[in-house]
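For the sequence shown, full-length UniProt numbering assigns the number 1 to the initial residue and increments by one for each residue that follows.
Every residue, glycine too, gets a C-beta built ideally from N, C-alpha and C.
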Amino acid sequence: MMMKKSIEKFFKKKEEGDVLDAHALSGVPQSDLIQIVIKLDTELKEKLREVESLDESKKQAKRDCSRIEEELKLYKTHCEELQNLAKKLSGEAEDFKTLLESRAQEIKYFRERNNELEKQSKAFEEASKTLQVLEETQNKLRLSEEKNSKLQEDVEILNKCKKKLEEDYNLVLELLETSNKKKGEAELSLKKVQEEYDKSKKKSKTLRQSDRENVQKIKDLEAQVKGKQQRIQELEEGLKNSSASISDKVSVYDALQKEFNTLKENFEKEIKEKNAKIMQLETKILSEIQLEVSQSTAHLQKELDDYKLKVSELESEKSQLLNAQSQLNATLKENQITINQLNETLEEAQKKRQLARAEVLRLNQKLEQASVESKQPNLSGRSNPAAPIDWKGLSQMSEENRVLNLLKYQMDILYKSLMTLMMESQSVRDTVTNVIKYQIAAESFSTFEKDLNKIVMDVHEAAENPSLILDNGKTWMGKITNMMHWTQPSKFLSCVVNTEQNERNMGNSKAPSKKSFNRLDMSFSG
């Protein structure tokens, strides 16, 4: 009991910080000193074990730091891969730009070609308006047909270009879809990197928590060590005089304590440095990733906006080309309609000319037959109209043959004057009534009408009194001319339009007079 009390008193003095001298220890029995030394030895062994455990935790922390460094290297490689992907996307965007520039050049070429086609169509319209004479219309129609074929070829070329533009438009849409897919893949990869970063952040938090726990343990150990140090110092002061072994152990303990303190300080410094480095790396990686993501997203968004603008421009140009093509088709249809109308008018004119020629041939045949019967020389209308009539020859014929030859001579002159009037006049075809109208000068038509009325009167007189020609001879035509009054000439031909119809067709509000009106319209139904 006394020994226990002395030991408790010894440790109490050590805890209170009282200085223990050799004189105080001399009063302690040797058995108590041995127990004190044994107890201190066990405490030193426990401290050494704790130091070894701290060394192991330090090694584990180093391993964790090396693993974190490896993960940071992996993050760097991921960032480099993202940079390469961004470079690849920028290269593809440049390829798209070059492709769109080439398409823009093609569109410029198509516009120039379209302008040339419009000029050609305008020239064709001007050429179609200048058709006046029926004989020259055939050559102009051939030229217009050739131009029409060229225009059709150009329309085919435009259709091919249209198909090519549609294919290019589809290709641009496909490229946009691929770029969107790549953008989604890049976003997914960024999400994966963010998830990995979050995992590493959680791991670093756990490591920090473990470090904090270790620091707390170290603080607890330090508190325990301080208490033990105080006790050891008291025991050392008591054991210096009693035993050399105790002093050696105390010196060893001091050395171990110093090493422990140095190791602890170094470990704390390393932990602080590693934590600082980890924080710096985290902030740096986060800033770099955010900057790269923002730059890549802005760049991709800008490229998408550019592609959308270019696609809208291509669509507008496509609509313009379609409008130009529709206009060209409309002009082609109009030109084809005018060509068909001109062909119809040409055919009608040729038919009428053939009919007139057939009628003249029929009259010539009748007159030639009559002249053969009378065995007299032929006085056909193919002779010179200005040549005088052979009245001696007529006197030797029969009455009927003489009248027919005279009327034939007058009819030939009248037919030739009518043909010259029709060839020299301008013709217009009415699309509604399908009627051809000839615009003839009033003075020339009045002379033609006088000659026609004169022939009608001659026929009437010859039918009533054929001997009048034989009795009067050369004065017969003059007599008929003196008997006629030309104030209101009779309309013999059905093709002559009256004054009211002329006013409606010509758009005149006043009746024609000698001063203001100098053209008449002759219409032939188709």
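>> Between L321, T178 and L82, which has its C-alpha nearest Q295's C-alpha?
In response: Taking the sequence shown and counting its residues from 1, the one referred to as residue 295 is at position 295. When the alpha-carbon of Q295 is set against those of L321, T178 and L82, the nearest one is in L82.
> On the three-state DSSP scale, how would you describe T433?
Replying inline: Along the sequence shown, one-based indexing puts residue 433 at 433. Residue state for T433 is assigned as coil, using DSSP reduced to three classes.
> Just to confirm, are L414 and L361 a CB contact at a threshold of 8 Å?
Replying inline: Translated into the one-based positions of the sequence shown, residue 414 becomes position 414. Translated into the one-based positions of the sequence shown, residue 361 becomes position 361. No, the pair does not count as a contact, with Cβ atoms beyond the cut-off.
>> Using a 10 Å radius around the Cβ and a threshold of 16 neighbouring Cβ atoms, would you call N159 buried or exposed?
In response: Indexing the sequence shown from 1 puts residue 159 at position 159. The residue in question, N159, is exposed, as its Cβ has fewer than 16 Cβ neighbours within 10 Å.
> How many Å lie between E71 and R63 at the Cα?
Replying inline: The residue labelled residue 71 in the question sits at position 71 within the sequence shown. The residue labelled residue 63 in the question sits at position 63 within the sequence shown. The C-alpha of R63 is placed about 12 Å away from the C-alpha of E71.
>> Is the separation between the beta-carbon of A324 and that of N170 shorter than 8 Å?
In response: Walking along the sequence shown from the start, residue 324 turns up at place 324. Walking along the sequence shown from the start, residue 170 turns up at place 170. No, they are not a contact pair.
>> Would V193 and H78 be called neighbours here (beta carbons separated by less than 8 Å)?
In response: As a first step, residue 193 must be located in the sequence shown, where it is residue number 193. As a first step, residue 78 must be located in the sequence shown, where it is residue number 78. In this structure, V193 places its C-beta atom within 8 Å of the C-beta atom of H78.
>> Using only the alpha-carbon positions, how far apart do Q439 and L421 sit?
In response: Within the sequence shown, numbered from 1, the residue matching residue 439 stands at position 439. Within the sequence shown, numbered from 1, the residue matching residue 421 stands at position 421. Taking the Cα positions, Q439 is about 9 Å away from L421.
> In or out: D32 buried (at least 16 other Cβ within 10 Å) or exposed?
Replying inline: Here residue 32 corresponds to residue number 32 of the sequence shown, with the count starting at 1. Answer is buried; the Cβ neighbour count reaches 16.
>> Only counting the same chain, and skipping five residues up and downstream in sequence, which positions put a Cβ closer than 8 Å to that of L286?
In response: Sequence index remark: in the sequence shown, residue 286 carries index 286 (1-based). Result list for L286: Y197, in chain order.
> Taking E174 as the reference, which of E92, K203 and K219 has the closest Cα?
Replying inline: Taking the sequence shown and counting its residues from 1, one reaches residue 174 at position 174. Taking only the C-alpha atoms, the option nearest E174 is E92.
>> Alpha carbons only, please: which of C65, I36, E50 and I34 is nearest the one belonging to I271?
In response: As a first step, residue 271 must be located in the sequence shown, where it is residue number 271. The candidate whose alpha carbon is nearest that of I271 is C65.
> Going by other Cβ atoms of all chains shown within 10 Å of its Cβ, with 16 needed for buried, is S200 buried or exposed?
Replying inline: As a working note, residue 200 is residue 200 in the sequence shown. Buried, by the Cβ-count rule.
> Taking Cβ positions, are K58 and F260 nearer each other than 8 Å?
Replying inline: Within the sequence shown, residue 58 is the residue found at index 58, counting from 1. Within the sequence shown, residue 260 is the residue found at index 260, counting from 1. For the pair K58 and F260, the CB atoms are not nearer than the 8 Å cut-off.
> What whole-angstrom Cβ distance do I455 and E348 have, given they're in contact under 8 Å?
Replying inline: In the sequence shown, the residue the question calls residue 455 occupies position 455. In the sequence shown, the residue the question calls residue 348 occupies position 348. Between E348 and I455 the Cβ distance is about 27 Å, and since that is not below 8 Å, they are no contact.
> By how many angstroms is the C-alpha of E213 removed from the C-alpha of E46?
Replying inline: Working through the sequence shown from its first residue, we reach residue 46 at position 46. Working through the sequence shown from its first residue, we reach residue 213 at position 213. About 20 Å.
> Can at least three beta-carbon pairs, one atom from the stretch 273–285 and one from the stretch 216–223, be found at a separation below 8 Å?
Replying inline: Counting C-beta pairs closer than 8 Å gives fewer than three between the stretch 273–285 and the stretch 216–223, which falls short of the contact rule.
>> Which same chain residues end up closer than 6 Å to L100 when comparing Cβ atoms and leaving out the 5 residues on each side of it in sequence?
In response: Within the sequence shown, numbered from 1, the residue matching residue 100 stands at position 100. Within the same chain, and ignoring the five residues on either side of L100 in sequence, the residues whose Cβ sits closer than 6 Å to its Cβ are K310.
>> Within a Cβ cutoff of 6 Å, which residues of the same chain sit near S316, ignoring the five residues on either side of it in sequence?
In response: For this step, residue 316 is matched to residue 316 along the sequence shown. Around S316: no qualifying Cβ.
> Is it true that the CB of V293 sits closer than 8 Å to the CB of L190?
Replying inline: Along the sequence shown, one-based indexing puts residue 190 at 190. Along the sequence shown, one-based indexing puts residue 293 at 293. In this structure, V293 lies closer than 8 Å to L190 by Cβ.
> If you draw a straight line from the alpha carbon of A223 to that of D55, how long is it in whole angstroms?
Replying inline: As a working note, residue 223 is residue 223 in the sequence shown. As a working note, residue 55 is residue 55 in the sequence shown. If you draw a straight line from the Cα of A223 to the Cα of D55, it comes to about 19 Å.
>> Report the CB separation of D154 from L188 in whole angstroms; it is logged as a contact under 8 Å.
In response: Within the sequence shown, the letter at position 154 stands for residue 154. Within the sequence shown, the letter at position 188 stands for residue 188. Actually they do not touch by this definition, with Cβ atoms about 50 Å apart.
> For T262, which residues from the same chain have a beta carbon less than 7 Å from its beta carbon, with the 5 sequence-adjacent residues on both sides left out?
Replying inline: Counting from one through the sequence shown, the residue named residue 262 turns up at place 262. Within the same chain, T262 has no close Cβ partners at all.
> If you draw a straight line from the alpha carbon of R142 to that of N343, how long is it in whole angstroms?
Replying inline: As a first step, residue 142 must be located in the sequence shown, where it is residue number 142. As a first step, residue 343 must be located in the sequence shown, where it is residue number 343. Their backbone Cα atoms lie some 11 Å apart in a straight line.
>> To the nearest angstrom, how far is the alpha carbon of S147 from that of M419?
In response: The count along the sequence shown starts at 1 and reaches residue 147 at position 147. The count along the sequence shown starts at 1 and reaches residue 419 at position 419. For the record, residue 147 in the displayed sequence is Lys; it is not Ser. One C-alpha to the other measures close to 33 Å.
> How many whole angstroms separate the CB atoms of S417 and F445, which I take to be in contact at a CB cut-off of 8 Å?
Replying inline: Within the sequence shown, numbered from 1, the residue matching residue 417 stands at position 417. Within the sequence shown, numbered from 1, the residue matching residue 445 stands at position 445. Not quite, the Cβ-Cβ distance comes to about 10 Å (not below 8 Å), so this is no contact.
>> So the candidates are L48, M411 and Y409; which of them puts its Cα closest to the Cα of L221?
In response: Reading the sequence shown from its first residue, position 221 is the one you call residue 221. Of the listed residues, the one whose Cα sits closest to L221 is L48.
>> Taking a contact to mean a Cβ-Cβ separation below 8 Å, would you say K203 touches L89 in this structure?
In response: Along the sequence shown, one-based indexing puts residue 203 at 203. Along the sequence shown, one-based indexing puts residue 89 at 89. No, they are not a contact pair.
>> Restricting to Cα atoms, I'd like to know which of D306, E265 and L281 is closest to residue 529.
In response: Examination of residue 529 is not possible in this model, given that the chain is present from 1 through 526 alone.
>> Beta-carbon within less than 6 Å of I68's beta-carbon, same chain only, minus the 5 sequence neighbours each way: which residues are those?
In response: The residue labelled residue 68 in the question sits at position 68 within the sequence shown. None.
>> On a Cα-Cα basis, can you pick out the residue from L322, E265 and E334 that is closest to F110?
In response: Stepping through the sequence shown from its first residue, residue 110 is reached at position 110. Nearest option by C-alpha distance: L322.
> Cβ of L404 within 8 Å of Cβ of D458?
Replying inline: Position 404 of the sequence shown, counted from the first residue, corresponds to residue 404. Position 458 of the sequence shown, counted from the first residue, corresponds to residue 458. Not in contact: L404 and D458 (Cβ atoms no closer than 8 Å).
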